[in-house]
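Counting from 108, one number per residue, gives the positions in the sequence shown under the numbering used here.
All remarks here apply to the structure that follows.
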Amino acid sequence: MKTGLIIVIVVVVLLILWVIGTYNSLVTLRNRVKDAWSQIDVQLKRRFDLIPNLVETVKGYTKHESETLENVVKARNTYLSASLPEDQMKADGELTKAINKLFALTESYPDLKANQNFIDLQDQLKQTEDKVAISRQFYNDIVMQYNNKVETVPSNIVANIFKFGKEAFFQAAEEERENVKVKF
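This is the structure:
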């Protein structure tokens with residue numbers, strides 16, 4: 108009888124330790140997802156800080172292109188007012204589209220392409236876009252790890268008990284998936 112009781116106690120203790128370990132790993136992954144999203148947010152903040160300077164530089168050359176400039180500012184403000192990551196992802200797609208149109212304007216204004224302020228801002232924005240892309244990739248990698256842990260057996264049992272839900276992947280907007288048209 109004593110041996111049977113000891114075996115039951117050992118099994119219960121091991122089960123409790125497994126639940127605690129699984130719970131802690133789910134919390135860790137969930138926090139990594141939040142951290143990865145905040146890293147995207149840091150890069151987007153940098154992008155947003157650059158945009159007013161870029162818009163002002165372009166304004167001097169493109170007085171009649173106000174609609175494009177207004178769309179960039181509007182898209183930036185939409186992102187800033189979004190509170191949920193899903194809304195921020197959608198607004199980010201709109202901003203990317205507006206920035207691409209802004210850069211397309213440079214083809215119509217040779218003086219603008221030669222302006223050192225514009226070139227510097229464009230380079231900084233390109234570097235920021237590269238960092239945003241890397242941050243998005245990292246975010247999606249962490250979301251995949253977390254979602255796998257939430258959905259696979261046996262950790263999904265602990266995830267369901269403690270209400271761990273799946274996280275959304277960052278997905279490119281439909282416009283960003285289209286082929287870029289290059290003309291010479």
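The beta carbon of each residue, even a glycine, is placed where N, CA and C say it ideally should be.
Asked: Please classify N222: does DSSP put it in a helix, a strand, or coil?; Found: coil
Asked: Is the number of C-beta pairs between the region 215 to 233 and the region 175 to 192 that are closer than 8 angstroms three or more?; Found: no
Asked: Around the C-beta of D199, are 16 or more other C-beta atoms found within 10 angstroms, so that it is buried, or is it exposed?; Found: buried
Asked: By how many angstroms is the C-alpha of K181 removed from the C-alpha of L209?; Found: 13 angstroms
Asked: Would you mind giving the Cβ-Cβ distance between L129 and V265, rounded to the nearest angstrom? I have them listed as a contact below 8 angstroms.; Found: The amino acid occupying residue 129 in the given sequence is Thr; Leu does not appear at that position. About 4 angstroms; that satisfies the 8 angstroms criterion.
Asked: Tell me the DSSP secondary structure of E274 in three-state form.; Found: coil
Asked: Does the structure place the region 108 to 127 close enough to the region 240 to 252 that three or more beta carbon pairs sit under 8 angstroms?; Found: no
Asked: For Q244 versus L157, is the C-beta distance shorter than 8 angstroms?; Found: no
Asked: What residue does the alpha helix (DSSP H) around V126 start on, and which one ends it?; Found: 109 to 166
Asked: Helix, strand or coil: how does DSSP classify A279 here?; Found: coil
Asked: Which residues in the same chain have their Cβ closer than 7 angstroms to the Cβ of E274, if we skip the five residues on either side of it in sequence?; Found: V140, V250, Y253, N254
Asked: Is L212 helix, strand or coil when you go by DSSP?; Found: helix
Asked: Among the candidates P192, P159, Q195, whose CA atom is the shortest distance from the CA of N178?; Found: P159
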